[in-house]
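One structure is given here, and the rest of the page talks about it.
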Amino acid sequence: MKKFFKESDFLVTTRKEMDKRGWESLDVILVSGDAYIDSQFIGVAVVGRMLEKLGYRVGIIGQPDIKSDKDIKRLGEPRLYWGVSGGSIDSMVANYTATKKFRNSDDYTPGGKNDKRPDRAVLAYCNLIRQHFKNTSPIVLGGIEASLRRVTHYDYWSNKLRKPILFDSKADLLIYGMGENAIKEVTDALDKGTEYKDIRGVCYISKEAHTSYKLMPSHAECLKDKEKYIDLFDLFYDNNDPKAASGIYQQVDNRYLVQNPPCKDLSEPEMDAVADLPFTRELHPFHKTDGEVKCLETIKFSIMTHQGCWGECNFCAIGVHQGRTIRTRSEKSIIKEAKEFREYKDFKGIISDLGGPTANMYGYECNKKIKLGTCDHQRCVDSTHLCSSMKPDHTRVVNMMRQVREIPGIRKAFVASGVRYDLITEDKKAGYSYLKELVNHHISGQMKVAPEHTQQHVLDLMGKPGKQTLIDFKKLYDKLNKEAGKKQFLTYYLIAAHPGCEEKDMHELKRFTTKELKMNPEQAQVFTPTPGTYSAVMYYTEIDPVTRKKIFVEKDTRKKEIQKEIVVKKDSFKRDFAS
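Residues in the sequence shown are numbered from 0 upward in steps of one, following numbering that gives the first Met the number 0.
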């Protein structure tokens, strides 16, 4: 039977829906920079469904009009708290390109026009609530925008260090990271009227220093001394693991930002339980009058197999937000979800993506990390080597992919998530089998990989593997395509103007892609310094945070574009097909 959803299958978003359920008020109202898309890929929907399962009455206001009270007042005032998120993407990243040009489109806005997500959405929504509800219930921040701005951070769009977002937003509490356990505990505490500031995974403002925690440099010290800001970020970065982290605190003016240790990671059964919540995978009918959302084309029939990433690319904040320890769903749960797709009238047998932040990290982890937590100042993988304690093993992910393919009605299960090719070449046991599975069954025409650059000093600053690893991987990829009788290409994600990169480095990257890869890059992206990343720290300080030596950083917008143009400029040569 094909699924058809009614308004009653969603969390409420209008007073009419509340009336139909006989609800005079709600326990929690969630406010988001996205339209209400009921999908496990949308954080605010996950929070809402989790709380609903616990018995709370939850409503969602997606993309409220910040110039009037018509949206923010339509569900009344919550009994327990307002949950505020900027949406699935940091609003400044969603609204502006790397060269600070306004983006005209938004994949999470109905109709696709970028006209409903305000800049600094978290601050805008908190101000909206405070404006129209005096002495209201607590405001609790969550989502990636708040999570990555929870301590003093460099803000590229204003080109300055900003205070922790709790101070600018005047919210009461911040739940950072994925925060599933923290959300449950905070909601229960507010419901029972018990203390919530000692819950793991939260940040709050205190008048007193929390002297049992580690002290970070103050906001004032960071403003005066860039190396102090590096010291702060080191402490911030190293205290994100539930097993290894301490609490940390920072003085901001005459008060303190306090961050409790992270909440515990979900177990495999708990991961399965979240995935099994009753998501409709649809845009709420309230928003559909304005058009469809483009993101559903990708996420509606995709499966998230795990959370977390220990790749630690310096320009990426996934490790800080999702954590550096992999939390895996069971094969049984993944297969159940794939089978459920067949009940949708618009499912054509194609799974858009079977993966996670890094697709081939599913199903294995470092034993030391599982017992003791992440290491301080030692990475699982960097630009030169993989830690000897981390032993990639693609056996489980290969078996999972095969089981999904065997489901009747599944024509194709693409792996569109990022793949670390260095882990494939490192895994002598099952890496070859994994790539063979991808080539034969899980890509179509091309496979995307992300070397980002080829110059070693730039790769070192990026935290990416060396170019020889890419050369070795390409040879293996071409070999497997030849054996399969296929002509599938590799396409490459490349970054221009990352800290440490000069125009001469882009010329070398262009030479490498032309000579060694036999291709013309069709696209490259200009580096964006986003909060919560070491690369943003480098951009602001112009210092290598490891060596503390000065590095070149391109800050001229036109020269950044020139770096990009160097590598995407068309050259004439014969493409070297895998044959």
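The beta carbon of each residue, even a glycine, is placed where N, CA and C say it ideally should be. Since this is a predicted model, take the numbers as computed values, not measurements.
For lysine 2, the three-state DSSP class (helix, strand or coil): strand
Assigned secondary structure, valine 46 (DSSP; H/G/I helix, E/B strand, else coil): helix
Pair within 9 angstroms by beta-carbon distance, glutamine 522 and valine 567: yes
Buried/exposed call for arginine 48, threshold 16 Cβ in 10 Å: When all chains shown are included, arginine 48 counts as buried.
DSSP beta-bridge partners of methionine 303: Gly354
CB of tyrosine 492 within 9 angstroms of CB of alanine 535, strictly: no
Environment of lysine 569 [buried if 16+ CB atoms lie within 10 Å]: exposed
Runs of beta strand (DSSP E) lying entirely within the stretch 339-415, each at least 3 residues, in chain order: 352-354
Spatially closest choice to glycine 430 from Ile88, Glu16, Arg410, Asp471, by CA coordinates: Asp471
Neighbourhood of alanine 483 by C-beta, 7 angstroms cutoff - its chain only, sequence neighbours within 5 removed: Val438, Asn439
Neighbour-count burial assignment, serine 571, 16 or more Cβ in a 10 Å radius: For serine 571, the predicted model reports a pLDDT of 49, less than 50, meaning its position is unreliable; a value from the coordinates is still stated below. Burial call: exposed.
Boundaries of the alpha helix (DSSP H) in which phenylalanine 285 is found, first to last residue: 284-287
C-beta atoms of serine 432 and valine 397 nearer than 9 angstroms: yes
Buried or exposed (CB count within 10 angstroms, at least 16 for buried), histidine 384: exposed
Sheet register partners of threonine 529 (DSSP bridge): Paired residues: none, contrary to the question.
Residues near glycine 355 by beta carbon distance below 7 angstroms, same chain, minus five either side: Met303, Thr304, His305, Gln306, Tyr361, Ser416
Under 9 angstroms between C-beta atoms of glycine 310 and cysteine 379: yes
Helix, strand or coil at glycine 58 [DSSP, three-state]: strand
CB of serine 217 within 9 angstroms of CB of valine 251, strictly: yes
Whole-angstrom C-beta distance between arginine 419 and isoleucine 349, which should lie under 8 angstroms: Actually they do not touch by this definition, with Cβ atoms about 25 angstroms apart.
Contacting residues, own chain, Cβ-Cβ under 8 angstroms from methionine 0 (five flanking each side not counted): Any reading at methionine 0 must be qualified, since the residue scores a pLDDT of 47, below 50, and its modelled position is unreliable; the value itself is stated next. These residues qualify, in order along the chain: Glu342.
Nearest-angstrom beta carbon gap, aspartate 240 and proline 261 [assumed within contact, 8 angstroms]: Contact holds; Cβ gap of about 7 angstroms.
First through last residue of the alpha helix (DSSP H) which encompasses proline 268: 267-274
Beta strand (DSSP E) runs contained entirely in the stretch 471-554, provided each spans 3 or more residues: Counting whole runs of 3 or more residues, the stretch 471-554 contains the beta strand (DSSP E) stretches 488-495.
Reference lysine 159; option with closest CA among Leu222, Trp22, Lys169: Just measuring C-alpha positions, the residue of Leu222, Trp22, Lys169 sitting nearest lysine 159 is Leu222.
Unbroken stretches of the alpha helix (DSSP H), 4 residues or longer, contained in the stretch 53-108: 90-94
Own chain, CB closer than 7 angstroms to glycine 499, minus 5 neighbours either side, in chain order: His456, Val457, Leu460, Ile550, Phe551
Cα-Cα separation, valine 30 to alanine 170: 13 angstroms
Length of the line joining the Cα atoms of lysine 133 and lysine 72: 12 angstroms
Contact between the stretch 501-520 and the stretch 539-546 (3+ Cβ pairs under 8 angstroms): no
Whole-angstrom C-beta distance between isoleucine 423 and histidine 452, which should lie under 8 angstroms: Contact doesn't hold; Cβ gap of about 19 angstroms is too wide.
Residue from Lys15, Glu269, Pro391 with nearest C-alpha to asparagine 359: Relative to asparagine 359, the option among Lys15, Glu269, Pro391 whose CA is nearest is Pro391.
Residue from Ile59, Thr324, Glu296, Phe526 whose Cα sits closest to the Cα of aspartate 264: Thr324
Candidates Asp70, Gly110, Glu76, Thr297: closest to glycine 290 by CA position: Gly110
Threonine 193 (DSSP reduced to helix, strand or coil): The answer is coil: DSSP assigns threonine 193 none of H, G, I, E or B.
Proximity of asparagine 126 and asparagine 113 at Cβ, strictly below 9 angstroms: no
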